[in-house]
Amino acid sequence: MSRACTWACRPLHNLMKAWSRALQEAQKMVRTSWAVSRINWELERAWWGLLRIQLPAEGIAARFQDEAACLERLVEQRWGKHVSCPRCGAGRPFIVPAVARWQCRECRHQFSATSGTMLGYSKLPLRTWFLSADYMIRHAPAYVHHLMPALEEYAAWTGLHYNTASRLRRRTYDDLRTNGGQGFLGKLVLVNPVKPPADTTPDSPDFLVWLRKEAEDRSIPLEI
Numbered sequence: 001m002s003r004a005c006t007w008a009c010r011p012l013h014n015l016m017k018a019w020s021r022a023l024q025e026a027q028k029m030v031r032t033s034w035a036v037s038r039i040n041w042e043l044e045r046a047w048w049g050l051l052r053i054q055l056p057a058e059g060i061a062a063r064f065q066d067e068a069a070c071l072e073r074l075v076e077q078r079w080g081k082h083v084s085c086p087r088c089g090a091g092r093p094f095i096v097p098a099v100a101r102w103q104c105r106e107c108r109h110q111f112s113a114t115s116g117t118m119l120g121y122s123k124l125p126l127r128t129w130f131l132s133a134d135y136m137i138r139h140a141p142a143y144v145h146h147l148m149p150a151l152e153e154y155a156a157w158t159g160l161h162y163n164t165a166s167r168l169r170r171r172t173y174d175d176l177r178t179n180g181g182q183g184f185l186g187k188l189v190l191v192n193p194v195k196p197p198a199d200t201t202p203d204s205p206d207f208l209v210w211l212r213k214e215a216e217d218r219s220i221p222l223e224i
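If you count the sequence shown from 1, position 6 lands on 6 in UniProt numbering, and the numbers rise without skipping.
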């Protein structure tokens, strides 16, 4: 094929690639729309309402005002009063000030509070993760029919690069949907745990009655 023919065919080639991408996106939207249409939205709102009443009454921003407060909460939830090595389980590690990490006296392994967790390789401040979870739970009624907040809005709120905000949003959402909201991040921000009545299920009218009463007792407005 001559060079002239190659140049002549290039616009058509680009058009075909664009059309193929558009078709894939359309098929993806159809699949997503089908999946979303099968969601029980009342149950979805109840789920986020259950998480909402477990947040601190004064809000995450007020409860955890700086990075030190977030770190203290993380250490408390992960180890309690006594830090132990995540590799060998030995207690009484010592702090290495130069790198702000603990070092195990037995296996010499150095670790931080986030080592071996979903936040282990994150460069974001701990407080950003805390506030992300708080934002997603508190704003759930506004976006619940879209499952997650709009990325443009979320990125603007965080002030992060678009791609970074996208990953933060996805990982926060996935964690809050893990194990009844008791994923790693959920355990850090849900400081007022509640226990629904044993004889109810989340999709039962009795559960919604109980949830509304709990929210009313805590002066928390819920849209369920």
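Backbone N, C-alpha and C fix where the C-beta goes; we use that ideal spot for every residue, glycine too.
> What residue from E106, Y121, C107 has the CA that sits closest to A113's CA?
Replying inline: Y121
ask   = Residue ranges of each alpha helix (DSSP H) run of no fewer than 4 residues wholly in the UniProt domain "Transposase zinc-ribbon" (66 to 110), ordered along the chain?
value = 67 to 79
In angstroms, rounded to a whole number, what distance separates the CA positions of Y154 and A165? 7 Å
(message) Buried or exposed for W34, going by 16 or more other Cβ atoms inside 10 Å?
(response) Residue placement at W34 is flagged as unreliable, the pLDDT there being 40, under the threshold of 50; the coordinate-derived value follows with that caveat. W34 is exposed by the Cβ-count criterion.
DSSP three-state label for Y154, please. helix
> What number of angstroms, rounded off, separates the C-alpha of R63 from the C-alpha of S204?
Replying inline: 33 Å
Check: Taking the Cβ atom as the reference point for each residue, do W48 and A156 lie within a distance shorter than 7 Å?
Finding: no
Distance CB(F130)-CB(C70) smaller than 7 Å:
yes
Measuring CA to CA, which of G180, L185, S219 is closest to T201?
G180
Cα-Cα separation, T158 to D175
18 Å
Inset, instruction - Keeping to the same chain, check which residues put their C-beta closer than 7 Å to that of R218; ignore five residues upstream and five downstream. - result: I53, A57
Worksheet entry | Contacting residues, own chain, Cβ-Cβ under 7 Å from V194 (five flanking each side not counted) | I53, Q54, E214
Practice problem: Report, in whole angstroms, the separation of the C-beta atoms of L168 and L74, which I expect to be a contact under 8 Å. | Solution: In fact, because the Cβ distance is near 17 Å, the residues do not count as touching under 8 Å.
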